[in-house]
Amino acid sequence: MLSSAEHSLSLLFHRSFGRLYAQHTPLFSGLFSRLRDYYERSGEGLDDALVDFWAQLLEKMFPLLHPQYIFSPDYLFCLTRLASSADDSLKPFGDSPRRLRLQITRALVAARAFIQGLETGRDVVSETLKMPLSEGCKRAVMRLTGCPLCRGVPSLPPCRGFCLNVAHGCIGSQGLDPDWGAYLDGLLFLAEKIQGPFSFELAAQSIGVKIAEGLMHLQENSVGLSAQVFQECGSPQPAPARARRAPAPREEVGRLWSAAAAEEERPTTAAGASLPRLVWELRERLGRVRGFWAGLPLTVCGDPRVAADLSQEAAPCWTGAGRGRGR
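Per the numbering used here: the sequence shown = residues 1029 to 1355.
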């Protein structure tokens, strides 16, 4: 999803800014790299990644608005320090950083918790199914499956009632089911958030849009912003006449915003399916496994390869002590 959003942003910005964007590609790829690191590995540093990105973007874009000046590293440090001051009076990119941080943070935290929850459930189920049987259960299972062979009736299937008694006693499903239900409730709650206000897909789509909005705000408010910076950080050094570059035209940023709003691609997964569809399908599957542990004995003993077939009530079966009939 993040890779798809990065690709869409790259195409969009390259069309609008061309070489200007190509020169600063590492800045944008670095942001997505840190977002992926948070989501896939560390789970830390999300706020720092976003703060660093906007600070670096300001360091790159502010000089482009003022090609008649040379900005030293110390001056750029003053600029970013002023932009990140506690009173938040400068706001070079308007409200875009705050809105992007809110949307990205909510979405990534919810998505990461959801994925970790699925992985935890998988591991718990796997380990539970590997738990060794107690000695009492081993004897009960031997009576269930081995005694017909010893009695010379190897083809006689266990009676279903006998099978259920053994399964209920050994699987211990009734004790697991309440916790299993609470676990599913948590996953379904997160899935609902991911499909709604904490949508990972919408957050990924918004990255390019919010950056474009921020750049447009910077350009449109450059006069007042520059006056405030020059007042706090001093007048920058004039650049030699031959080194001056024409600032990027205002129309480019306006066109970038228009394109971002209209052309942002709908992110998909690596397999090509949209995230809402996958989450919807997963919610359906989670709903179907509610009561899994409570119903596990019925599932096991309902298999005709394990116990007597219910459709053949009059057929003989093994009761644990001898031949019987029915359930």
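We put the beta carbon where it would ideally sit given N, CA and C, even for glycine.
For the ligand ADP, is there a heavy atom less than 7 Å away from the beta-carbon of residue i?
{"i": "Leu1216", "result": "This structure lacks the ligand ADP; in fact it carries no ligand of any kind."}
Using the C-alpha atoms, what's the distance from residue j back to residue i?
{"i": "Glu1034", "j": "Phe1060", "result": "7 Å"}
{"i": "Glu1155", "j": "Tyr1066", "result": "28 Å"}
{"i": "Arg1167", "j": "Gly1145", "result": "36 Å"}
{"i": "Gly1319", "j": "Asp1205", "result": "6 Å"}
{"i": "His1042", "j": "Gly1323", "result": "56 Å"}
{"i": "Ser1031", "j": "Ser1254", "result": "35 Å"}
{"i": "Thr1173", "j": "Val1137", "result": "49 Å"}
{"i": "Ala1148", "j": "Leu1215", "result": "Going by the sequence as given, residue 1148 is Thr instead of Ala. Roughly 11 Å separates the two Cα atoms."}
{"i": "Val1181", "j": "Cys1175", "result": "9 Å"}
{"i": "Arg1129", "j": "Tyr1049", "result": "22 Å"}
{"i": "Val1133", "j": "Leu1104", "result": "Sequence check: residue 1133 is Thr here, not Val. Spanning the two alpha carbons is a distance of roughly 28 Å."}
{"i": "Gly1046", "j": "Arg1140", "result": "34 Å"}
{"i": "Pro1120", "j": "Pro1225", "result": "27 Å"}
{"i": "Leu1229", "j": "Arg1353", "result": "Checking the sequence, you will find Glu at residue 1229 rather than Leu. Near 58 Å, if we compare the C-alpha coordinates of Arg1353 and Glu1229."}
{"i": "Asp1076", "j": "Arg1150", "result": "32 Å"}
{"i": "Cys1178", "j": "Ser1070", "result": "57 Å"}
{"i": "Ile1239", "j": "Ser1117", "result": "19 Å"}
{"i": "Arg1062", "j": "Phe1081", "result": "10 Å"}
{"i": "Glu1312", "j": "Ser1339", "result": "30 Å"}
{"i": "Thr1327", "j": "Val1153", "result": "16 Å"}
{"i": "Gly1164", "j": "Leu1157", "result": "17 Å"}
{"i": "Gly1330", "j": "Gly1203", "result": "21 Å"}
{"i": "Asp1115", "j": "Glu1072", "result": "26 Å"}
{"i": "Gly1262", "j": "Glu1068", "result": "43 Å"}
{"i": "Pro1304", "j": "Ala1342", "result": "50 Å"}
{"i": "Ser1250", "j": "Gly1122", "result": "11 Å"}
{"i": "Ser1162", "j": "Arg1316", "result": "30 Å"}
Between residue i and residue j, is the Cβ-Cβ spacing less than 8 Å?
{"i": "Leu1093", "j": "Leu1212", "result": "no"}
{"i": "Trp1208", "j": "Trp1321", "result": "yes"}
{"i": "Gly1348", "j": "Arg1171", "result": "yes"}
{"i": "Ile1199", "j": "Pro1325", "result": "yes"}
{"i": "Leu1085", "j": "Glu1260", "result": "no"}
What residue range is occupied by the uninterrupted alpha helix (DSSP H) comprising residue i?
{"i": "Pro1054", "result": "1053 to 1065"}
{"i": "Arg1351", "result": "Element bounds for Arg1351: not the alpha helix (DSSP H) but the beta strand (DSSP E), 1351 to 1353."}
{"i": "Lys1166", "result": "1163 to 1173"}
{"i": "Arg1109", "result": "1101 to 1111"}
{"i": "Ser1117", "result": "Here Ser1117 belongs to no alpha helix (DSSP H), and DSSP marks it neither H nor E."}
{"i": "Ala1267", "result": "Careful: Ala1267 lies outside any alpha helix (DSSP H) and carries neither H nor E."}
{"i": "His1094", "result": "Unbroken run through His1094: none, as it is neither H nor E."}
{"i": "Lys1238", "result": "1228 to 1248"}
{"i": "Gly1189", "result": "1188 to 1199"}
{"i": "Gln1340", "result": "No alpha helix (DSSP H) contains Gln1340, which DSSP labels as neither H nor E."}
{"i": "Gly1145", "result": "1124 to 1157"}
{"i": "Val1181", "result": "Val1181 -> no alpha helix (DSSP H), and no H or E assigned at all."}
{"i": "Val1328", "result": "1320 to 1329"}
With a cut-off of 8 Å on the beta carbons, I'd call residue i and residue j a contact; round off their distance for me.
{"i": "Ser1112", "j": "Val1079", "result": "7 Å"}
{"i": "Ala1135", "j": "Ser1036", "result": "Incorrect: roughly 16 Å between the Cβ atoms, too far for contact."}
{"i": "Leu1310", "j": "Ala1219", "result": "6 Å"}
{"i": "Leu1107", "j": "Val1257", "result": "6 Å"}
{"i": "Trp1346", "j": "Pro1186", "result": "5 Å"}
{"i": "Gly1236", "j": "Leu1040", "result": "6 Å"}
So residue i is in the beta strand (DSSP E); what residue range does that whole segment cover?
{"i": "Pro1344", "result": "1344 to 1346"}
Below 8 Å, can you find three or more Cβ-Cβ pairs linking the segment 1073 to 1093 to the segment 1239 to 1247? yes
Tell me, please, whether the segment 1326 to 1336 touches the segment 1190 to 1197 by the rule of three or more beta-carbon pairs shorter than 8 Å. yes
Are the segment 1094 to 1105 and the segment 1254 to 1268 in contact at 8 Å, needing three or more beta carbon pairs? yes
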